[in-house]
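Okay, structure first, notes after.
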């Protein structure tokens with residue numbers, strides 16, 4: 063089981079590096095950066111889930127729900143801002 067968890071963490075780290083590269087790339091629009099930030103938040107949530115599975119505990123499930131809800135609210139808020147401002 064530890065091999066599977068290690069592979070999952072490795073894949074999440076590679077995906078996080080690619081999302082961070084997209085976020086920091088010059089010349090990207092605000093919408094692209096918001097999508098990259100949303101992807102990074104999703105990867106953090108998945109990382110917490112993998113950590114919770116590795117520890118064989120359900121204590122982090124509340125944290126997952128709160129982080130997911132905050133990410134959703136943040137993304138929709140920025141999307142409404144972009145729509146109104148026309149950025």
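Residue numbers (this note's numbering): 63 to 149. Built from N, CA and C at the ideal position, the CB exists for glycine as well.
With a cut-off of 8 Å on the beta carbons, I'd call residue 102 and residue 82 a contact; round off their distance for me.
Contact holds; Cβ gap of about 7 Å.
Within 10 Å of its beta-carbon, does residue 123 have 16 or more other beta-carbons around it, so buried, or fewer, so exposed?
Residue 123 is exposed by the Cβ-count criterion.
Hey, out of 78, 111, 138, whose CA is closest to residue 98's CA?
Nearest C-alpha to residue 98: 78.
If we call anything under 9 Å between Cβ atoms a contact, is residue 70 one with residue 112?
Contact flag set, yes.
In whole angstroms, what separates the C-alpha of residue 92 from that of residue 121?
Answer to the nearest angstrom: the Cα atoms are 35 Å apart.
Which residue wins for smallest C-alpha separation from residue 128, given the options 73, 104, 64, 148?
Checking every option, the nearest Cα to that of residue 128 belongs to 104.
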